[in-house]
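Chemist: Once you've had a glance at the structure underneath, I'll fire off some questions.
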Amino acid sequence: MKYAVTAATGHFGRVAVKQLTNLVGKEQVVAIVRNVAKGEEILPAGVEIRQGDYTDPAGMQEALAGIDRLLFISSQPGGAVNREIQHCNVVKAAKAAGVSLVAYTSYPNADQATAPLAHDHQATEEALKKSGLAHVFLRDNWYLENDLSFLLAGQAGQPAIYWTDGKAAWAPEALYATAAAKVLITSAPKEVYEFGGQPVSYKELGAALEEALGKKVKITKLSRPEYEAALVASGMDEQTASQFASFEEPHQHGDLDVSSNDLATVLGYPLPSLVESIKQLLNN
Ligand SMILES: NC(=O)c1ccc[n+]([C@@H]2O[C@H](COP(=O)([O-])OP(=O)(O)OC[C@H]3O[C@@H](n4cnc5c(N)ncnc54)[C@H](OP(=O)(O)O)[C@@H]3O)[C@@H](O)[C@H]2O)c1
Numbered sequence: 158m159k160y161a162v163t164a165a166t167g168h169f170g171r172v173a174v175k176q177l178t179n180l181v182g183k184e185q186v187v188a189i190v191r192n193v194a195k196g197e198e199i200l201p202a203g204v205e206i207r208q209g210d211y212t213d214p215a216g217m218q219e220a221l222a223g224i225d226r227l228l229f230i231s232s233q234p235g236g237a238v239n240r241e242i243q244h245c246n247v248v249k250a251a252k253a254a255g256v257s258l259v260a261y262t263s264y265p266n267a268d269q270a271t272a273p274l275a276h277d278h279q280a281t282e283e284a285l286k287k288s289g290l291a292h293v294f295l296r297d298n299w300y301l302e303n304d305l306s307f308l309l310a311g312q313a314g315q316p317a318i319y320w321t322d323g324k325a326a327w328a329p330e331a332l333y334a335t336a337a338a339k340v341l342i343t344s345a346p347k348e349v350y351e352f353g354g355q356p357v358s359y360k361e362l363g364a365a366l367e368e369a370l371g372k373k374v375k376i377t378k379l380s381r382p383e384y385e386a387a388l389v390a391s392g393m394d395e396q397t398a399s400q401f402a403s404f405e406e407p408h409q410h411g412d413l414d415v416s417s418n419d420l421a422t423v424l425g426y427p428l429p430s431l432v433e434s435i436k437q438l439l440n441n
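Mapping to the numbering used here: the sequence shown position 175 is 332, numbers consecutive.
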């Protein structure tokens, strides 16, 4: 059996490749990367590395030759080629290469979600369904790492700011990647996994931060325009500030307010508390 991971040089991919090699041995693992030199530098020695770019469907089909099961990690939004097109390229390449199962890192509650960020994931889930490929949707909730600047601000005695009352089921990215590797080797996986911690608000994330730090933190809710203005006042340009503010839209839409035990069940152990996860992130 050959297992492949796309975007293997990213934070998610690196953990998934490492976990897979632990689970099935490096001989059965193929890392698909767009930058081979980077892959050779950072991926475990002995893992086969193949070149594959989401914008190059023919190259991706070649990279997938002989692959049985694929962990397809979603691309970064905002690239030169629209992300939906990139993802459809991968689905077509997997179909043409005869991959037997595709596990795709999707978006929480993707079929009901309404925030703009959900769109590409919904389109990719649809493309996978229509392709006839056996598929698994790994619907990953919010990475705790996304809010590192919120956590670091509090740690540094600065106001930890946010603008939405919506909730997210934050969990460390490495746990999602570890679970993805485990699902990939499961003989009969479910079609949908809703991966994440327990949903909480930014106010509750702030309370967990205070507990992790053992000190009071200025947790400050602003309006969205005030939030953007605060980022600009801290030196960020307006476009980046607006983009940063948009990262809270999924919470505001309620998309991330998903309760599920799938992550702990697949990992086979209870998730660390939010306080523990924050401590670990801030100590790294
Ligand atoms: N649920 C969440 O909270 C959340 C948060 C952030 C991101 N995400 C999603 O999760 C994915 C993985 O996260 P991450 O932390 O691993 O991101 P990351 O560290 O930024 O890595 C992104 C990976 O995507 C690769 N990539 C980008 N464009 C590509 C293309 N055209 N063809 C092939 N590979 C391409 C990059 O390759 P290079 O190494 O060559 O640049 C890199 O390996 C992201 O891409 C995003 O879709 C989810």
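Here a beta-carbon is modelled for each residue, glycine too, at the ideal position from N, C-alpha and C.
With the cut-off set at 8 Å, would you say Leu221 and Ala254 are in Cβ contact?
Modeler: Here residue 221 is taken as the residue at index 64 of the sequence shown, counted from 1. Here residue 254 is taken as the residue at index 97 of the sequence shown, counted from 1. Yes; because the gap between Cβ atoms is below 8 Å, this pair is in contact.
Chemist: Using the three-state DSSP reduction, which class does Asp304 fall into: helix, strand or coil?
Modeler: Translated into positions along the sequence shown, residue 304 becomes position 147. Asp304: helix per DSSP, three-state reduction.
Chemist: Classify Asp277: buried if its beta carbon has 16 or more other beta carbons within 10 angstroms, exposed otherwise.
Modeler: Taking the first residue of the sequence shown as position 1, residue 277 is located at position 120. Buried, by the Cβ-count rule.
Chemist: Could you tell me the distance, in whole angstroms, from the CA atom of Leu301 to the CA atom of Gly170?
Modeler: Counted from its first residue, the sequence shown places residue 301 at position 144. Counted from its first residue, the sequence shown places residue 170 at position 13. The straight-line gap from Cα to Cα measures roughly 17 Å.
Chemist: Provide the residue span of the alpha helix (DSSP H) that contains Ala337, from first to last.
Modeler: What you label residue 337 is simply residue 180 of the sequence shown in a count that begins at 1. Glu330 to Leu341 is the span of the alpha helix (DSSP H), which, as asked, contains Ala337.
Chemist: Could you check which residue in Glu184, Pro427 and Ile206 has the C-alpha nearest to that of Ser417?
Modeler: One-based indexing of the sequence shown puts residue 417 at position 260. If we check each option's Cα against that of Ser417, Pro427 comes out closest.
Chemist: If you check the beta carbons only, do Lys252 and Leu227 fall under 8 Å apart?
Modeler: Numbered from 1 along the sequence shown, position 95 holds the residue referred to as residue 252. Numbered from 1 along the sequence shown, position 70 holds the residue referred to as residue 227. With a cutoff of 8 Å on beta-carbon distance, Lys252 and Leu227 are scored as not near each other.
Chemist: Count the other CB atoms within 10 Å of the CB of Ser324; is the residue buried (16 or more) or exposed (fewer)?
Modeler: As a position in the sequence shown, residue 324 is number 167, starting the count at 1. The question names Ser, but residue 324 is Lys in the sequence shown. A residue is called buried once 16 or more other Cβ atoms fall within 10 Å of its Cβ, and Lys324 is buried on that count.
Chemist: Suppose the cutoff is 6 Å on Cβ atoms and the five residues either side in sequence are ignored; what does the same chain contact list for Ala280 look like?
Modeler: The count along the sequence shown starts at 1 and reaches residue 280 at position 123. Counting only Cβ-Cβ distances below 6 Å, and skipping sequence neighbours, we find Glu241.
Chemist: Decide if the stretch 318 to 333 is in contact with the stretch 407 to 416; the criterion is three or more beta carbon pairs, one per stretch, under 8 Å apart.
Modeler: When Cβ pairs closer than 8 Å are counted between the two stretches, the stretch 318 to 333 is seen to touch the stretch 407 to 416, the count reaching three or more.
Chemist: By the three-class DSSP mapping on this structure, what secondary structure does Val450 have?
Modeler: No information on residue 450 is available, as it lies outside the stretch 158 to 441 that the chain covers here.
Chemist: For Pro234, collect the residues of the same chain with a Cβ closer than 8 Å to its Cβ; drop the 5 residues on either side in sequence, then sort them by chain order.
Modeler: Translated into the one-based positions of the sequence shown, residue 234 becomes position 77. The answer, listed in chain order, is Arg240, Leu274 and Asp277.
Chemist: What residue range does the beta strand (DSSP E) around His292 cover?
Modeler: Your numbering for residue 292 matches position 135 in the sequence shown. Per DSSP, His292 belongs to the beta strand (DSSP E) from His292 to Asp297.
Chemist: Please give the ranges of any beta strand (DSSP E) in the stretch 366 to 422, keeping only runs that are unbroken, at least 3 residues long and fully inside the region.
Modeler: If we require 3 residues or more, the beta strand (DSSP E) runs fully inside the stretch 366 to 422 come out as 376 to 378.
Chemist: If you reduce the DSSP assignment to three classes, tell me which class Val357 lands in.
Modeler: Numbered from 1 along the sequence shown, position 200 holds the residue referred to as residue 357. Val357: strand per DSSP, three-state reduction.
Chemist: Under the DSSP definition of a beta bridge, which residues are partnered with Arg207?
Modeler: Counting from 1 along the sequence shown, the entry for residue 207 is found at position 50. The partner list for Arg207 (beta bridge, DSSP) reads Ile189.
Chemist: Report the option in Ala310, Val340, Ala328 and Ser403 whose CA atom is closest to the CA atom of Leu177.
Modeler: As a first step, residue 177 is located in the sequence shown; it is residue number 20 there, counting from the start. Measuring from the Cα of Leu177, the nearest candidate turns out to be Val340.
Chemist: So Ile224 packs on Lys159, CB below 8 Å; how close in whole Å?
Modeler: Looking up residue 224 in the sequence shown gives position 67. Looking up residue 159 in the sequence shown gives position 2. Right, their Cβ atoms sit about 5 Å apart.
Chemist: Per DSSP, what are the beta-bridge partners of Tyr264 in this structure?
Modeler: Taking the first residue of the sequence shown as position 1, residue 264 is located at position 107. BP columns for Tyr264 are empty, so no partner.
Chemist: What did DSSP end up calling Glu351 once you bin it into helix, strand or coil?
Modeler: Along the sequence shown, read from residue 1 onward, the residue named residue 351 stands at position 194. Looking at Glu351 - three-state DSSP - the assignment turns out to be strand.
Chemist: Rank Leu431, Ser380, Asp414 and Gly203 by C-alpha distance to the C-alpha of Pro329 and give the top, closest one.
Modeler: Translated into positions along the sequence shown, residue 329 becomes position 172. Closest option to Pro329, Cα to Cα, is Leu431.
Chemist: Grouping DSSP H, G and I as helix and E and B as strand, with all else coil, what is Leu119?
Modeler: Coverage of the chain is limited to positions 158 through 441, which leaves residue 119 absent and any answer about it impossible.
Chemist: Looking at the unbroken alpha helix (DSSP H) that takes in Leu180, where does it start and where does it end?
Modeler: Your numbering for residue 180 matches position 23 in the sequence shown. Residues His168 to Val181.
Chemist: Is Ile242 a contact residue of ligand 1, with contact defined as CB to any heavy atom under 7 Å?
Modeler: In the sequence shown, residue 242 corresponds to position 85, counting from 1. Outside the cutoff, so no.
Chemist: Using the C-alpha atoms, what's the distance from Asp210 back to Thr343?
Modeler: Taking the sequence shown and counting its residues from 1, the one referred to as residue 343 is at position 186. Taking the sequence shown and counting its residues from 1, the one referred to as residue 210 is at position 53. For Thr343 and Asp210, the distance between alpha carbons rounds to 27 Å.
Chemist: Would you please state the rounded distance, in angstroms, between the beta carbons of Ala332 and Val293? I believe it to be under 8 Å.
Modeler: As a first step, residue 332 must be located in the sequence shown, where it is residue number 175. As a first step, residue 293 must be located in the sequence shown, where it is residue number 136. This sequence places Leu at residue 332; Ala is not what is there. Actually they are not in contact, since the Cβ atoms of Leu332 and Val293 sit about 17 Å apart, beyond 8 Å.
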